[in-house]
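Quick notes on the structure that follows.
Residue numbers (UniProt numbering): 1 to 443.
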């Protein structure tokens, strides 16, 4: 059995008893395979690391898939209590916050057994594999999306899109999950709330092409039935109608296959680092799904031209955080201008704009709404440095365990001591020497 799922960075697939995560080498910071030795340390939440293969283009990491575990993509018809247990066990991923490890919260990376025990496949190392910063706000958002995905008939793209208002109307349980302000609150809801049976929403049937032979067989059966049950004239009319319906369906199915094949070709171009070709292919396809849109966004950022960055910024309405995070990592003036053009009221976006515009008081004010966000905390610490407020900067520098912030704060203290006219030279020298020792310890 082999299933493959494209992701923002690379893709993950099942192959026999292994799960393989593949990512273009140029998107990693991998120099020596020894950098991944930390993945050899077992963690009960993750499948066991098997090996890593590296060639000129790709990094492939193999994980051992345990018997009895299936992707949660296959749990749509599972009992609600099993789903509840899956959701509860998945919350333990919170333990990765603040560690060197990271992961991505996506159905293709989450596996469960029939008792609701959970294991994730890919576990990244933040400094080597760019799976994204695992912050509390992002993790909370991702976990809520997965839980709603488990208990409704909506897919992730619908949950994250404008249809979310329809999603939370499913029942009171879903609304409480959607409104949860912390992972602790998710624990409380999942452990105490009654889960109503979900409303059945008719899903589009799985499409497959109907061959001419099959159409003929169906038409023949219809004709035989019509001869025995209804007058011949009626049978002829019904046969014509059925044949017309089947012909229309066949055409629709062919269009769907062509659309899927075009998307696959776009992925192949992206995986082969043919960035401009991948962009051209994706742009020529209508109605991209979420994964394909994110792949296109990644290619815009990778091309890194003023025009491509403008196009990336224009995707900000659908994916404001992903757009801003991707642009920020480029760290250049064109990317900063693109960030400023992203239209979003999200505090994570507004704080980046305020920082780019040197609006340090505004940065501090916005931070009050997202104090658990490490990036926001870093920007506030930098803002305090710019305002020469070494006390607040040092406090945040210690919380972030960021030596650069702490050193900058200590240097501000040294400048303050040097300018203090009420302190004699000997006392200044003693205090500066003490601060220099602290700086040396942090280097």
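We put the beta carbon where it would ideally sit given N, CA and C, even for glycine.
Here residue 301 has 312, 326 as same chain residues with Cβ atoms under 6 angstroms from its own Cβ, once five neighbours each way along the sequence are excluded.
Along the length of the region 18 to 97, whole alpha helix (DSSP H) runs at least 4 residues long occupy 80 to 90, reported in chain order.
The region 355 to 371 makes contact with the region 383 to 396, as at least three CB pairs between them are under 8 angstroms. DSSP places residue 443 outside any beta strand (DSSP E), giving it a letter other than H or E.
Residue 145 counts as buried, since at least 16 other C-beta atoms from the protein chains shown sit within 10 angstroms of its C-beta. If the five residues before and after residue 440 are omitted, its C-beta is found closer than 7 angstroms to no C-beta atom of its own chain. Remark: C-beta atoms of residue 108 and residue 71 approach each other more closely than 8 angstroms. Assigned with DSSP and collapsed to three states, residue 285 falls in coil, not helix or strand.
In this structure residue 69 is in contact with residue 119, their Cβ atoms being roughly 6 angstroms apart against a cut-off of 8 angstroms. Judged by DSSP in its simplified three-state form, residue 118 adopts strand. Just measuring C-alpha positions, the residue of 292, 61, 112, 370 sitting nearest residue 67 is 112.
Linking residue 98 to residue 433 through their CA atoms gives a straight-line distance of about 33 angstroms.
For residue 319, the three-state secondary structure derived from DSSP is coil. In the three-state DSSP reduction, residue 275 falls in the helix class (H, G or I).
Under DSSP, the beta-bridge partners assigned to residue 124 are 102. Between residue 412 and residue 388, the CB-CB gap stays under 8 angstroms. Nearest neighbour of residue 126 by Cα position, chosen from 342, 19, 182, 39, turns out to be 39. From the listed residues 138, 370, 174, the smallest Cα separation to residue 154 is found for 174. The DSSP-derived three-state label of residue 367 is helix. Taking 8 angstroms as the cut-off, the beta carbon of residue 88 is found no closer than this to the beta carbon of residue 143. In the three-state DSSP reduction, residue 14 falls in the strand class (E or B). With respect to residue 294, residue 322 sits close: the two C-beta atoms are nearer than 8 angstroms. For residue 75 against residue 150, the beta-carbon gap comes to about 7 angstroms, under 8 angstroms, which counts as contact.
Annotation: residue 392 to residue 407 spans about 13 angstroms, alpha carbon to alpha carbon.
In this structure, residue 63 lies near residue 19, with their beta-carbon atoms less than 8 angstroms apart.
Per DSSP, the continuous beta strand (DSSP E) segment holding residue 110 begins and ends at 110 to 112. The region 373 to 434 is shown to contain whole alpha helix (DSSP H) runs of 4 or more residues at 374 to 386, 390 to 400, 403 to 418, in chain order. The alpha-carbon separation between residue 176 and residue 90 amounts to approximately 18 angstroms. Here residue 335 carries a helix assignment [DSSP, helix/strand/coil]. A straight line joining the alpha-carbon of residue 328 with that of residue 365 spans about 21 angstroms. The beta carbons of residue 435 and residue 418 sit no closer together than 8 angstroms.
Our two residues, residue 191 and residue 370, have alpha carbons roughly 27 angstroms apart in a direct line. When the beta-carbon positions are compared, residue 308 and residue 281 stay at least 8 angstroms from each other.
Taking C-beta separations shorter than 8 angstroms and ignoring five residues to either side along the sequence, the partners of residue 340 in its chain run 353, 356, 357, following chain order. Contact check for residue 121 against residue 21 passes: the beta carbons are separated by less than 8 angstroms.
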